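**Student:** Residue numbers (this note's numbering): 11 to 70.
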């Protein structure tokens, strides 16, 4: 149970970091397509994992 909670919290952290990195890459003038692929895909996967376990997050 504890390890699952840590995994879900980690997914939220990864989503936050990757979403901010995506914004920063775009602000620096990098291609939006490259930026979305490099940071958007991991951010999307992390967000999906966190959303799937949202009840566990609410219990923490």
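In this text, a Cβ means the ideal position worked out from N, Cα and C, and glycines have one as well.
Please read these numbers as outputs of a predicted model, since none were measured by experiment.
Looking only at C-alpha atoms, which of 39, 52, 17 and 19 sits nearest to residue 28?
**Tutor:** 52
**Student:** Between the alpha carbons of residue 44 and residue 20, how many angstroms are there, rounded?
**Tutor:** 24 Å
**Student:** Using a Cβ-Cβ cutoff of less than 6 Å, which residues in the same chain neighbour residue 22 once the five nearest sequence positions on both sides are dropped?
**Tutor:** 60
**Student:** Just to check my reading of the structure: residue 25 and residue 57 have Cβ atoms closer than 8 Å, yes? What is that Cβ distance to the nearest angstrom?
**Tutor:** 5 Å
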